[in-house]
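Here's the structure, in structure tokens; my notes come after.
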Amino acid sequence: MLAFILAPPILAGFLKIVQKTGNQFFYYLWLFGAALQVFMITVYPITILPLFNKLSPLDPGALKTGVEGLAQRLNFPLKELYVIDGSKRSAHSNAYFFGLPWKKHIVIYDTLIEKSETEEVVAVLAHELGHWSLGHTTRLFAISQVHFFYIFSLFSVFINNKSLYRSFGFHTQMPIIIGFILFSDALAPMDTVIKLLMNILSRRYEFQADEFAQKLGYSTELAKSLIKLQIQNLSTMDADW
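Heads up: take any position in the sequence shown, counting from 1, add 15, and you land on my numbering.
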């Protein structure tokens with residue numbers, strides 16, 4: 016349902032930019048994509064997400080005290096703590112943060128709270144805040160911008176390739192959206208190496224975040240919570256990536 020709501024305006028913006036900005040459209044598409052990412056990181060969780068899930072302030076208690084203590088210990092700019100009713104749709108468990116650099120919000124799934132001990136939930140957040148403290152989120156955002164620029168730059172070359180359109184039966188017209196679909200298919204083999212490198216980097220960052228939580232003293236609790244999360248989320252225990 017969310018895709019049906021967001022896809023039309025995004026697609027309309029994409030087409031309008033390509034049509035109106037000439038040969039330099041890839042630069043404006045890149046800015047458009049960056050703006051969308053910032054929107055999804057900062058605005059979406061507090062404006063659109065509540066339309067589908069209920070976000071409630073975390074009640075005072077041991078968990079709230081533990082999370083606030085962790086945030087203070089790391090100088091994490093915590094503004095609000097929320098519980099999301101993830102159980103409304105599935106048994107999936109998770110915890111994450113979002114917001115502006117100077118004002119962050121933490122969201123904890125109700126399923127994680129229900130099926131974990133307090134210290135285990137704090138351990139999961141120690142892992143997540145490890146990504147913030149180690150600069151992983153900022154680096155991944157920067158890398159994604161470089162990747163987007165690379166994709167849109169290549170697309171600017173493909174979009175006017177008449178032989179590409181003719182190969183798929185478009186002899187008289189070159190629809191923009193068809194061009195992007197064909198380009199995406201052509202890009203897939205070239206993008207394989209980049210995706211492999213991104214998986215390697217992601218795996219490294221996950222290990223670093225685990226080590227960060229371990230150094231904070233959450234080794235045992237993190238191990239227990241990760242096993243529970245894998246079981247609850249029906250994930251493999253021994254990923255080969």
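Where a beta carbon is used, it is the ideal one built from N, C-alpha and C, also for glycine.
Once DSSP output is grouped into helix, strand and coil, what is the label at residue 94? In this structure, residue 94 counts as strand in the three-state DSSP scheme.
At least three beta-carbon pairs within less than 8 Å, the region 142-152 to the region 103-121: yes
From the DSSP output, in three-state form, read off residue 37 for me. helix
Use the C-beta contact count for residue 60: other C-beta atoms within 10 angstroms, 16 or more gives buried, fewer gives exposed. buried
Note down, in chain order, each residue of its chain lying with its Cβ closer than 8 Å to the Cβ of residue 25, except the 5 sequence neighbours on either side. By the criterion of a C-beta distance shorter than 8 Å, residue 25 is surrounded in its chain by 51, once the five residues flanking it on both sides are discounted.
If we count the other Cβ atoms within 10 Å of its Cβ and call it buried at 16 or more, is residue 166 buried or exposed? buried
For residue 72, does the three-state DSSP call read helix, strand or coil? strand
Can you confirm whether the region 220-229 touches the region 146-156 when touching is taken to mean that 3 or more C-beta pairs between the two stretches lie within less than 8 Å? yes
Figure out for me which residue from 204, 65 and 81 has the closest Cα to the Cα of residue 282. In this structure the chain extends from 16 to 256, so residue 282 is not present and cannot be described.
By the 10 Å Cβ neighbour count, where 16 or more other Cβ atoms means buried, how is residue 126 classified, buried or exposed? buried
Answer yes or no: the CB of residue 88 versus the heavy atoms of the ligand GDP, is any distance below 7 Å? This structure lacks the ligand GDP, and indeed carries no ligand of any kind.
Assuming residue 97 contacts residue 71 under a Cβ cut-off of 8 Å, what Cβ separation, rounded to an integer in Å, is found between them? 6 Å
For the candidate residues 21, 53, 29 and 136, whose alpha-carbon lies nearest to that of residue 193? 29
What's the gap between the Cα of residue 240 and the Cα of residue 110? Residue 110 has its alpha-carbon roughly 12 Å from the corresponding atom of residue 240.
What span of residues does the beta strand (DSSP E) with residue 103 cover, start to end? Where residue 103 is concerned, there is no enclosing beta strand (DSSP E), given that its DSSP letter is neither H nor E.
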